[in-house]
Amino acid sequence: MGNMGHSMLDLVRCALGLWRKMGLWFCTCLLTVLFQFPLTLAITNDGDAAALRALSSNWEKKPFNWDGSDPCGSPWVGIGCTNSRVTSITLSSMGLKGTLPGDIQSLTELQTLDLSYNVGLGGNLPPSIGTLSNLTTLILVGCSFSGQIPDLGSLQQLVFLSLNSNQFTGVIPPSIGKLSKLYWLDLADNKLRGTIPVSSENSPGLDMLIHTKHFHFGKNQLSDSIPEQLFSSEMQLIHLLFDNNALSGSIPSTLGLVKTLEVIRLDRNSLIGHVPTNINNLTAVGELHLSDNKLTGPLPNLSGMNALSYVVVEYARIGNSLPQSLFTLPQLQTVRLRNNFLNGTLDLGTNYTSSLQLIDLQSNKIEGFLERKVFKNQLMLMGNPFCDQRGSNYNHCTTQPQSAASYSTPTPNCQQTDCSSDQNLSPNCKCAYPYVGTLYFRAPSFSDLGNSSRYQALEKQLLTTFQSHNADVDSVALHDSLINSDNYLQIDLQVFPAVKARFNQSDISVIGFILSNQTFKPPKYFGPFYFLGRVYNAAQDTSGSKFKNLPVIIGAFVGGLILVLIVIGLIAYAIGQKRKAERVVEQSQPFASWDGSKGSGGVPQLKGPRWFSFDEMKKSTNNFSEANDIGSGGYGKVYRGMLVTGQLVAIKRAQQGSVQGGLEFKTEIELLSRVHHKNLVALVGFCFDQGEQMLVYEYVPNGSLRESLSGKSGIHLDWRRRLQIALGTARGLAYLHELADPPIIHRDIKSNNILLDERLNAKVADFGLCKPMTDGQKDHITTQVKGTMGYLDPEYYMTQQLTDKSDVYGFGVLLLELITARRPIEKGRYIVREVRNLIDRKKDCYNLHGVLDPSMGLPSSLTGFEKFVDLAMQCVEESGAERPAMSQAVKEIEGIMLLAGMNPNAESAHTSASYEGTSKDHPMHPYGGDSFDYSAGVPSSKIEPK
Ligand SMILES: *[C@@H]1O[C@H](CO)[C@@H](O)[C@H](O)[C@H]1NC(C)=O
Ligand SMILES: *[C@@H]1O[C@H](CO)[C@@H](O)[C@H](O)[C@H]1NC(C)=O
Ligand SMILES: *[C@@H]1O[C@H](CO)[C@@H](O)[C@H](O)[C@H]1NC(C)=O
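In the UniProt record's numbering, the protein residues as written are 1 to 946.
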C-alpha cells in the first residue's frame, strides 16, 4: 500500500481513539452545539423586525437590502444587533426619503440612531422617540425635521445629541436638562426661539447639565438675555457656541466661572453692556468671538487668558484705548477689532508675541501709533484719524487687498487624468466616485488661511481616522476653503474608495458615522466642527446578497426542544454505533456510516472548519439562487453566500450525482484545515448533509489574478502591485512546501487560482489537486499527471514523478504571465519558449519590450525587472533540480522589492489602489476553476496506482 494508505490508517486510528473517548467527546460536541445555537437561530426579535419594516414602509427611498424578515440574521445595511435585538441604526447619507414613524418606540434596546445627512427625511419627530431609554447616541444632523423637539428627558443614557441643521421650531425643551450623562448637545442651525431654559422649582433647565462639554446653539432665533443662572463653576463646558441668535441683555458675569471653556462664540447677537472683566479668569479659552453686538465700554484686561489666540470683537461699540498687555499673550495670533470706538494712541510695546500675525483696527478713533519696534506682520489702521493725518501712503494705512486665501488639495500629477464625466480623480490618480460633503469649522484659531500645512495635517488626520476604523478609504481631497457668511471656515471634502470605484452603502454608513458622531477629531487649531454630507449613490452589488423573504424560522422554544431531542438522539445513536464503529474499522471502511446529517459525529479531526447543515447553506445562498451563482466547473457550482454572522463566503457545491466518497471528501477537508496562512484561501467549513458535499471558503472579493491581468476586473496592476502579488503567491507556496505538516504540493498553480483580496493581497486557492508528502516520500510521489496545460512541469509530465519543484515551474510561468499579461499558451505560442528565444541579457530590458504588458508602466521604470525575469527563467528550468526552492524565490522577490523602495513586509499598498472601471456583471469566479474536478472520476485524494 502506498503512503496515502498510511495516512488513511492514521486517520482511522485517530478516529477510533476518539470513539473510545466517547464520553468526553460528547461533552465537547454538546458544548459546540450549544455555542452555535444562538448563532444559527439568531433571528430578529419580532417587535424589532416589525418596527424596522414600519420604518422601511414610511420611506420612499430606503437602503437596498431592506426587505425580508430578518434584519439581524442576514443583516440589513446600517442595522446592528446584539443577539436578536436591534441596537444600532446608522444610515448616514443614504438618500432616505420620508418621515420617522412612532413605531420606532418598539426598538427598546436601541442605543444608536444616526440618520444624518438625509435631507429627504423630515416631518415631526415622533414624541415616542423619548421612550427609547437605552439610547446613547441620537444624530439627526442635516435632515429636514421640523416642528417642536419632543421631550427627551427620559433618555437617561443619552450621551450624544445632534439635532443641528434641521428645521426645528419652538423652544429648547427644558427637559433636556435632565440628561445627566449628556456630553454633546448640538441644536445649531434650526429655527429655535425663546429663552435658553434654566431650572426652577418645578422645571429642569440646561444649568443642570454640569457634565456636558458642548453647547452648540448657533444659527437659531434664541432671544432674551443669557440667564446668569446658566453658568456655574461646576460646569465642564469646553465649547459655548451661541452665535447667530437674537440674544440680548449683557453677557452674564457667571461666564467667568466656567474655567474649562476653550471656545466662546457670542457674536451676531444683540448683546449690550460691558464685557465682564472676570473672563480674564478663563485661562483655557483660545478663541473669543464677540463681534456684531452692541457691547460698550473698554476691552477688559485679557492678559490672564494665556491660551488666547484669536480675539474678534468687530462691529461693536468698544471704546477707550487698547491695553498694551493684550499683545504679550503668548499664543496670540489674531486680533480683529474693526469698527469700534477705540481711541487714544496704539502702543504694541516691545514685548509683543512673535506669533502675532494680524491686527485689524480699521475704522476706529485711534489717533496715534507708537511703533517702538517695527511690526512686520499685518497691522491695519485705515479709517482711523491717525491715517487721515498720515495719508494712505503710510505703511499701515494702505488699503490692502483682503487676501482671499483658499486651499484645495493639489491636482495630482497623473499619467492619465481624464476620468469619465461623473467620476473624479483622486489624489492617488484613481478615477472613482467620491463621497462628498462640507466640513464647517465653527471657530478656527488661525488666520493664515492659505497655509497649506494646516490643511495637509487635516487631510492626514481624516485619512488616518477612516483607515483606523477599517473604512475602505484610499484618499481624501479638500477643495475651496473659505470663510462663509456665518464666519465659519468651510471646506469641501471628497473621500475616495480604496479598492472599488464606488463605496457600497455599508461603507457610507461607517464613514458618515465617523463624521457625524465626531469620531474624527481635526487638529486642535481647527476648533469645533460639523459636517454635512451629501446623499451618496452607493454601489449595491458588494455589500451582501439580497435575501428576499426568508421564511421566519422556528422560535427559540421550538429550537430548544429540537436541540434537546437531537442531543438525546445523538447519545443513543453514538452508544449504539460504538461497537459497530469498531467493527467497521476492522473492515477498513471506517466511515461507511458517516453522515453529517446525523450530527457532526463523524468529524473527529477538525479544529478550524465548521460543519454546516444543508439548510444553513440554503439560507446563506438564498436557496442557491441564480444571483449568488458566481462560477461553475465540472464538479458543480460556486455560490456566494452570507453566513448568519455576516461573513461572506464562497460555497463550492458538488453536483448531485458526482459527489466523491465520504472518506475522500473528509481527507480533503482535513488537509485544508491544517493549512493556515494569509496567502492561502481559508476553509471556513463544509457541508456533508442530505447527500450534498460542499466546501465553504472565505470570500475573496477581487477575483482572480487572471481577471485583473486580462483587464476584466478593472483593477490596474502596476509594477509594484505585481511584485506584491508575486511575493504573496511565493509565500503561500513556500508555506505549503516547507512549513505545512505534512508538506503539500499544490499541483495547479495558475493565475486563475491566485485570488486578490480587498487590499490586493494574493491568496492561493483551489486545493483540489493537492498532494500531501508524507514520510518516505521526501522527494517525490509517483502519480497520474494532473494540472493545467501551459503550467505543467515537463519533467513531471515525462516521468510522472511529482515534486515540489513542479509547483516552482508553475510559479515561473505565473511570473512570466505577470509581466506579459498573456496566457501561457496563446494562439499556439508557449510563453516560456517565446521568452527563452527572445531574451538577450546584453540588451535593454533583456530585449523583451515586444512581449511586455504596457499597463505595467514604462519598461525603464520597472526597477528590478531584470532580476525578476532571471528568477522566472530559473523557475522554468527544464530540470527540477536547477529550479530554486520557493523560500529562495521569496527571498529573491523581497530583494527586488527593496530595490524598488518597497517594504516587503508591509500590507499591500491599499493607498494606491485604483480601479479604472467597474464591471457590472460578476466575472467568472475563480472558485469555479476547472481543476477542482469531482466528476472526472479521479477524486483529488485518490490513491494512485504505482
Ligand atoms: C491684568 O490681568 C493680569 C492677570 O490676571 C494681572 O496680573 C494684571 O495685573 C492685570 N492688569 C491690570 C492693569 O489690571
Ligand atoms: C476715549 O473714549 C472714552 C470713552 O469712549 C473717553 O472717555 C475718553 O476720554 C477718550 N479718550 C481720548 C483720549 O479721547
Ligand atoms: C503654517 O502652519 C503651521 C502649523 O501647521 C505652522 O507651523 C507654520 O509656521 C505656518 N506657516 C506659516 C508660513 O505661517
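The beta carbon of each residue, even a glycine, is placed where N, CA and C say it ideally should be.
Note that the structure is a prediction, hence the values are computed from the model and not measured.
What residue from the options has the CA that sits closest to residue i's CA?
i	options	result
SER250	ARG265, VAL258, LEU271, ASN244	LEU271
SER133	LYS181, SER144, GLN148	LYS181
GLU878	ILE511, GLY812, ASN903, PRO859	GLY812
ARG883	PRO854, THR803, ILE819	THR803
VAL681	LYS618, ASP46, GLY768	GLY768
ILE745	LEU736, ASN753, ASN752	LEU736
ASN118	GLY437, LYS365, GLN229, ILE149	GLY437
ASP486	ARG265, ILE831, ASN905	ARG265
LEU624	ARG610, THR645, VAL649	Per the sequence presented here, residue 624 reads as Phe, with Leu not at that position. Looking at the Cα atoms, VAL649 is the closest of the given residues.
ARG721	ASN351, PRO523, HIS677, GLY901	GLY901
CYS387	ARG442, ASN837, GLN362	GLN362
LEU187	ILE172, GLU201, THR788, SER445	ILE172
LEU55	ASP46, ASP103, GLY68	ASP103
Does at least one heavy atom of ligand 2 sit under 8 Å from the Cβ of residue i?
i	result
ASN118	no
LYS294	no
SER321	yes
ASN343	yes
LYS365	yes
In its own chain, which residues sit with a C-beta less than 7 Å from the C-beta of residue i, not counting the 5 before and 5 after it?
i	result
ARG390	CYS397
PHE35	For PHE35, the predicted model reports a pLDDT of 40, less than 50, meaning its position is unreliable; a value from the coordinates is still stated below. Excluding positions up to five away in sequence, the list is empty.
PHE375	LEU348
PRO330	ASN306, THR353
LEU135	LEU110, GLN111, LEU113, LEU155, GLN157, LEU158
ASN377	LEU356, GLN357, LEU358
SER321	LEU342, ASN343, GLY344, THR345
ASN351	THR328
PRO63	TRP76, VAL77, GLY78, LEU91, MET94, GLN505
Which residues in the same chain as residue i place their Cβ atom closer than 8 Å to its Cβ, once the five residues preceding and following it in sequence are excluded?
i	result
PRO300	HIS274, VAL275, PRO276, THR277, ILE279, ASN280
ARG583	Any reading at ARG583 needs caution, since the residue's pLDDT is 40, under 50, leaving its predicted position unreliable; the model's value is listed next. Cβ neighbours of ARG583 beyond the five flanking positions: none.
LEU671	ILE744, PHE767, CYS770, PRO772, SER941
Does the distance between the C-beta of residue i and the nearest non-hydrogen atom of ligand 1 fall short of 8 Å?
i	result
GLY304	yes
ASN45	no
ASN301	yes
ASN280	yes
SER84	no
SER325	yes
Spatial neighbours of residue i within its chain, please: CB distance less than 6 Å, with the 5 preceding and 5 following residues excluded, ordered by chain position.
i	result
SER233	LEU257
ASN166	CYS143, PHE145, ASN190
residue 979	The structure shown has nothing for residue 979, since the chain only spans 1 to 946.
SER516	SER92, ASP114, SER116, ILE139, VAL141
LYS178	GLY153, PRO204
residue 947	Because the chain spans 1 through 946 in this model, residue 947 falls outside it and cannot be assessed.
PHE466	VAL473
PHE239	The amino acid occupying residue 239 in the given sequence is His; Phe does not appear at that position. Within the same chain, HIS239 has close Cβ partners HIS214, VAL263, PRO528.
PHE531	GLY437, LEU439, LEU515
ASN293	ASN269, LEU271, ALA316
GLU228	PRO252, THR254
ASN393	none
Does the beta carbon of residue i come closer than 9 Å to any beta carbon on chain C?
i	result
PHE160	No chain C appears in the structure shown, which is made up of a single protein chain.
Task: Residue ranges of each beta strand (DSSP E) within the stretch 58-139, 3 or longer - done: 59-61, 79-82, 85-90, 97-99, 112-114, 121-124, 137-139
Open item on the list: Strictly closer than 6 Å from CB to any heavy atom of ligand 3: give me those residues in the order they appear in the chain.
Closed with: ASP448, ASN451, SER453, ARG454, ALA457
- [ ] Output the residue ranges of the beta strand (DSSP E) runs that lie fully inside the stretch 178-208 and measure 3 residues or longer, sorted by chain position.
- [x] 184-186
- [ ] Mind listing, in chain order, the continuous alpha helix (DSSP H) runs of no fewer than 4 residues lying wholly within the stretch 783-828?
- [x] 794-799, 804-820
Task: alpha helix (DSSP H) runs wholly inside the stretch 613-662, at least 4 long, in chain order - done: 614-620
TODO: Write down every uninterrupted run of the beta strand (DSSP E) in the stretch 218-247 whose length is 3 residues or greater and which is fully enclosed by it, in chain order.
DONE: 221-225, 239-241
Open item on the list: Quick check on the DSSP output: what are the complete beta strand (DSSP E) runs of length 3 or more inside the stretch 681-746, in order along the chain?
Closed with: 683-689, 692-698
Open item on the list: Quick check on the DSSP output: what are the complete beta strand (DSSP E) runs of length 3 or more inside the stretch 411-487, in order along the chain?
Closed with: 435-441, 473-483
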